[in-house]
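Following UniProt numbering, the residues of the sequence shown are numbered contiguously, the last one being 161. From the three backbone atoms N, C-alpha and C, an ideal C-beta is built for every residue, glycine too. None of the values given here were measured: they were computed from a predicted structure.
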Amino acid sequence: MTPDEYAGRCTRFLQAQPHMRKLGVELVDAEASRVTLRLPVNPELVSGGLETYLHGGVLTTLVDAASSVSTLCALEAFELCPTLDLRIDHMRIPSETRPVYVDAECYRITRSVLFTRASVYQDDKSRPVANAVATFMRPEGGAVVSDFQQLIEGGDDAATA
């Protein structure tokens, strides 16, 4: 696939999910087996008075999405691969004045499981906010919803799906 094809597949996947649109998650980069997503600064996500900026659920959603999207860049064709396991090590509190980025990589693919790792950071990749690993199931026989697959792959009828 070309860089534009990876980006198109990833963007369509993110835009097909209402919670990703609501959070404003953006694709920064996509290549074979790797993706970078960005969560822009959003005052609605600031936990006032709690000395924390980003609710753990939002961070978990961001990591799960990036990890899942990295599998789209690792597989030749779209497959629905549900999350089996997700572990996040929180390293520090992110600043509320800067966007949050997550780099995710699908580093191993087997017949039944995909393995990913991710790093969440702001300005400096060497100072992560969190690190994560996740696994995704590849259902036997392939779990694909044809309309959704066509939407993600950008088929002829994707605009109407």
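> Does DSSP put Asp64 in a helix, a strand or coil?
Replying inline: Counting from one through the sequence shown, the residue named residue 64 turns up at place 64. Here DSSP, grouped into helix, strand and coil, assigns Asp64 to helix.
> Exposed or buried, what is Arg111 when buried is set at 16 or more other beta-carbons lying within 10 Å of its beta-carbon?
Replying inline: Taking the sequence shown and counting its residues from 1, one reaches residue 111 at position 111. With fewer than 16 other Cβ atoms within 10 Å, it is exposed.
>> Here's a check: name, in chain order, each residue in its chain whose Cβ is nearer than 8 Å to the Cβ of Arg9, leaving out the five neighbours to either side.
In response: Position 9 of the sequence shown holds residue 9. Counting only Cβ-Cβ distances below 8 Å, and skipping sequence neighbours, we find Met1, Ala30, Leu72, Cys73, Phe78, Ile152, Glu153 and Gly154.
> Is DSSP giving Glu96 helix, strand or coil here?
Replying inline: Start at 1 with the first residue of the sequence shown, and residue 96 comes out as number 96. In the three-state reduction of the DSSP assignment, Glu96 falls in the coil class, being assigned neither a helical nor a strand state.
> Which of the three DSSP states, helix, strand or coil, is assigned to Arg9?
Replying inline: Mapped onto the sequence shown, residue 9 falls at position 9. Three-state result, Arg9: helix.
> According to the neighbour-count rule (16 or more other Cβ atoms, all chains shown, within 10 Å of its Cβ), is Met20 buried or exposed?
Replying inline: On the sequence shown, position 20 is the one that residue 20 refers to. Buried: at least 16 other Cβ atoms inside 10 Å.
> Would a C-beta distance cut-off of 8 Å place Ala66 and Val35 closer than the cut-off?
Replying inline: Here residue 66 corresponds to residue number 66 of the sequence shown, with the count starting at 1. Here residue 35 corresponds to residue number 35 of the sequence shown, with the count starting at 1. Yes. Within cutoff.
> Do Leu23 and Leu37 have their C-beta atoms closer together than 8 Å?
Replying inline: The sequence position of residue 23 within the sequence shown is 23, counting from 1. The sequence position of residue 37 within the sequence shown is 37, counting from 1. Pairing Leu23 with Leu37 gives a Cβ-Cβ distance that is not under 8 Å.
> Cα separation between Gly56 and Thr116?
Replying inline: Taking the first residue of the sequence shown as position 1, residue 56 is located at position 56. Taking the first residue of the sequence shown as position 1, residue 116 is located at position 116. Note on geometry: alpha-carbon atoms of Gly56 and Thr116 lie some 19 Å from one another.
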